[in-house]
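What follows is one structure encoded as structure tokens, with my remarks underneath.
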Amino acid sequence: MTVQNTQVLIVGAGPTGLTLGLWLTRLGVAVRIIDKSAAPGGTSRALAVQARTLEFHRQIGIVDEVLEAGVKIEQLRVRTPAGVATRLPLATFGAGKTAYPFAFALPQEIHERVLIRSLEREGVEVERHTELVSFQDSANGVTAKLRKGGVSEFVRADYLTGADGAHSAVRHMLGIGFPGGAYDQSFYVADVEGTGEVTRNGMDATVATYGFAIVMPVRQSGSLRLIGVVPKEHEAKTDITFDTIRSEVERDTGIKVNSVNWFSTYRVHHRVADKFRVGRAFILGDAGHVHSPAGGQGMNTGMGDAVNLAWKLAAVLQGRADEMLLDTYEPERIAFARLLVDGTDQAFKMATSRSKAVGLLRQHLMPKLLRLLLATNTGKRAFFGMISQTRIEYRNSTISSGEAGKIKAGDRLPYVESSDGDNFAPLASLDWQVHVHGRPSLQFQAELARIGFPLHIFDWTTHARRAGFARDAVYLVRPDGHIAVATGPDGVRVLNYIAQFGLHPRYAADHTKPDADGPSKEIVFTADRIELLRNQRRVHTIQGADR
Numbered sequence: 002m003t004v005q006n007t008q009v010l011i012v013g014a015g016p017t018g019l020t021l022g023l024w025l026t027r028l029g030v031a032v033r034i035i036d037k038s039a040a041p042g043g044t045s046r047a048l049a050v051q052a053r054t055l056e057f058h059r060q061i062g063i064v065d066e067v068l069e070a071g072v073k074i075e076q077l078r079v080r081t082p083a084g085v086a087t088r089l090p091l092a093t094f095g096a097g098k099t100a101y102p103f104a105f106a107l108p109q110e111i112h113e114r115v116l117i118r119s120l121e122r123e124g125v126e127v128e129r130h131t132e133l134v135s136f137q138d139s140a141n142g143v144t145a146k147l148r149k150g151g152v153s154e155f156v157r158a159d160y161l162t163g164a165d166g167a168h169s170a171v172r173h174m175l176g177i178g179f180p181g182g183a184y185d186q187s188f189y190v191a192d193v194e195g196t197g198e199v200t201r202n203g204m205d206a207t208v209a210t211y212g213f214a215i216v217m218p219v220r221q222s223g224s225l226r227l228i229g230v231v232p233k234e235h236e237a238k239t240d241i242t243f244d245t246i247r248s249e250v251e252r253d254t255g256i257k258v259n260s261v262n263w264f265s266t267y268r269v270h271h272r273v274a275d276k277f278r279v280g281r282a283f284i285l286g287d288a289g290h291v292h293s294p295a296g297g298q299g300m301n302t303g304m305g306d307a308v309n310l311a312w313k314l315a316a317v318l319q320g321r322a323d324e325m326l327l328d329t330y331e332p333e334r335i336a337f338a339r340l341l342v343d344g345t346d347q348a349f350k351m352a353t354s355r356s357k358a359v360g361l362l363r364q365h366l367m368p369k370l371l372r373l374l375l376a377t378n379t380g381k382r383a384f385f386g387m388i389s390q391t392r393i394e395y396r397n398s399t400i401s402s403g404e405a406g407k408i409k410a411g412d413r414l415p416y417v418e419s420s421d422g423d424n425f426a427p428l429a430s431l432d433w434q435v436h437v438h439g440r441p442s443l444q445f446q447a448e449l450a451r452i453g454f455p456l457h458i459f460d461w462t463t464h465a466r467r468a469g470f471a472r473d474a475v476y477l478v479r480p481d482g483h484i485a486v487a488t489g490p491d492g493v494r495v496l497n498y499i500a501q502f503g504l505h506p507r508y509a510a511d512h513t514k515p516d517a518d519g520p521s522k523e524i525v526f527t528a529d530r531i532e533l534l535r536n537q538r539r540v541h542t543i544q545g546a547d548r
């Protein structure tokens, strides 16, 4: 029996599996990505791309291509049967919190094409018409049986990942439960050509007594994407077409539909898997959690799973961290998945309830509350943080330690902009790194130089203080941009942490580190330079000593 080898076998080539594959490839890990479908999906329900996802895309250098393909949503227009109830500005409602302070829309099928092209540039192609038949897990790896066109193949991988959707074969083979249920309502999604009072840089949301409908532009095709609740009188029908609900859709959206490119209906479930890992096999994305489309969180959450798992797998496979690091994937991501399902469940019930009382509140009170919320900076920050996924934190993780200023370990690195860049630029290295806003002790700098650990020093500014940093405090940042350790200027807690988890940066002995635009200049850290730093007050990026 001939067995092919790879480091990570990825089952499923949706946004989650593609993101996992791309991150692992950029981190130097060999992958194979298989999918039983013949081609990428041509239709999709997912549209929203949240700011946190765009930050992840920036780290691997594809954010510009993604932004070019989609639409920045400048305003949300809330309609009721009586007309336009309110207009909510979204172009900069997250200003100061991220480099991407806007709402953004990109249909999933187009998003997937960007990811696939990026993988192909790295020499990785999705293996279509290929399904996972079975696998065996052992202490040394996973042996999987694949089938393509009636021909079987055996693959040995260090790890197996299931990003194969809500009906995940990997999850079923692992025997992982998927508790939850389905909502009563059915939904429709349609891609249409039409006319009406809709802006090409906005989103319309119609709220009515029976539910909601959303209209969003598709930049590349010039079409409109319509999403909404199937009216109750049509739910029991098994052969629903767009014409079945045309009159209700046109009435609610204000769009005169001239032609329909495609149309489908679906039921929404709310479920979270009992486990995200068994041995050397992991599940992520819809294989681990499904929920309502409220807030545009689903696809983004799966891609967040992928990033969380990717850097951990790479570190362990390359001997740069202890294997115990992989134990943190499930608790970090399953906790957020459960919180998300609970939150979207409540929002979804409010948005779709057929109670007349709730319908009236939705129609008349909700637009006013949203307008009031976004009328203040505090309200804008709260609303943006809620939907952008920039407030996801891992404070309870076993690899989060300490706090300094207003920042606790596990938090996403707060965003700080300067005149010539921002503090997220160094994250393009996909590496562990230390950040200090102010002046770290020379002893700490020398110790980091000795072990070859990346250190980035930024000027102390009003922006840093407002973001929650403490002056001269030391922050150890994970490859995914979350704080692992927050501590005082002596940095002892960081040094102990590095030793405890056996961390080794990717570029400790490799000065071919990719360039990153930002407010700091890369220099090679030598012992002689420590003395020079005593009188320097400018920003520097300090990299490991020559050896």
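Under my numbering, the first residue of the sequence shown is numbered 2, with each subsequent residue one higher. Using N, Cα and C, we set each Cβ at its ideal position, and we do this for glycine too.
Would Val9 be called buried (16 or more neighbouring beta carbons within 10 Å of its own) or exposed?
buried
Specify, as a first and last residue, the run of the alpha helix (DSSP H) that Gly18 falls within.
16–27
Member of Arg396, Val417, Glu418 whose CA lies at the smallest distance from the CA of Lys409
Arg396
Taking the alpha carbon of Val478 as the point to measure from, which residue in Asn424, Asp460, Asn378, His58 has its own alpha carbon closest?
Asn424
Separation of Phe337 from Phe277, as counted between CA atoms:
12 Å
Mapping the DSSP letters down to three states, classify Glu194 as helix, strand or coil.
strand
Every unbroken beta strand (DSSP E) inside the region 267–324 [3 residues or more]:
282–284
Own chain partners of Gly124 with C-beta closer than 6 Å, once the 5 adjacent residues on each side are dropped:
none
Closest Cβ-Cβ distance between Gly15 and chain B: below 8 Å?
The chain inventory of the structure shown lacks chain B, comprising one protein chain alone.
Selected residue, minimal CA-CA separation from Gly43, among Tyr498, Arg78, Gln109, His271
Gln109
Environment of Ser224 [buried if 16+ CB atoms lie within 10 Å]
buried
Assign Gly150 to buried or exposed, taking buried as 16 or more other Cβ atoms, counted over all protein chains shown, within 10 Å of its Cβ.
exposed
Alpha carbon to alpha carbon, what distance is there between Ile452 and Glu331?
30 Å
So Thr131 is in the beta strand (DSSP E); what residue range does that whole segment cover?
131–139
Buried or exposed (CB count within 10 angstroms, at least 16 for buried), Gln501
exposed
For the pair the region 409–418 and the region 91–105, tell me if three or more CB-CB distances fall below 8 Å.
yes
The alpha helix (DSSP H) that contains Thr54, what's its start and end?
52–60
Can you list, in chain order, the residues of its chain with a C-beta nearer than 8 Å to that of Ala94? Leave out the 5 residues immediately preceding and following it.
It is Phe, not Ala, that sits at residue 94 in the sequence shown. Closer than 8 Å at Cβ, skipping near neighbours: Pro102, Phe103, Ala104, Leu375, Lys381, Phe384, Phe385.
Taking the Cβ atom as the reference point for each residue, do Leu25 and Ala429 lie within a distance shorter than 8 Å?
no
In whole angstroms, what separates the C-alpha of Gly305 from that of Ala49?
14 Å
Report the residue ranges of all beta strand (DSSP E) runs contained in full by the region 149–184; include only those spanning at least 3 residues, in chain order.
152–163
Could you tell me the alpha carbon to alpha carbon distance between Val67 and Lys37, rounded to whole angstroms?
26 Å
What span of residues does the alpha helix (DSSP H) with Tyr498 cover, start to end?
493–501
Cα-Cα separation, Ile11 to Ala164
7 Å
Residues near Ala92 by beta carbon distance below 6 Å, same chain, minus five either side
Glu75, Phe103
If we call anything under 8 Å between Cβ atoms a contact, is Gly286 one with Thr17?
yes
By alpha-carbon positions, which one of Asp432, Ile388, Phe264, Asp343 ends up nearest to Ala191?
Phe264
Are Ala96 and Val72 close, meaning C-beta to C-beta below 8 Å?
no
Measure the Cβ-Cβ separation of Tyr189 and Gly229 and say whether it is below 8 Å.
yes
Quick check on the burial criterion: 16 or more other C-beta atoms within 10 angstroms. Buried or exposed for Gln5?
exposed
Trp263 - partner residues in DSSP beta bridges
Asp192
Environment of Arg78 [buried if 16+ CB atoms lie within 10 Å]:
buried
In three-state terms, what does DSSP make of Arg33?
strand
Once DSSP output is grouped into helix, strand and coil, what is the label at Ser430?
helix
Can you give the Cα-Cα distance for Ile458 and Asn202, rounded to whole angstroms?
39 Å
Give me the Cα-Cα distance between Gly166 and Ile35, rounded to the nearest whole angstrom.
13 Å
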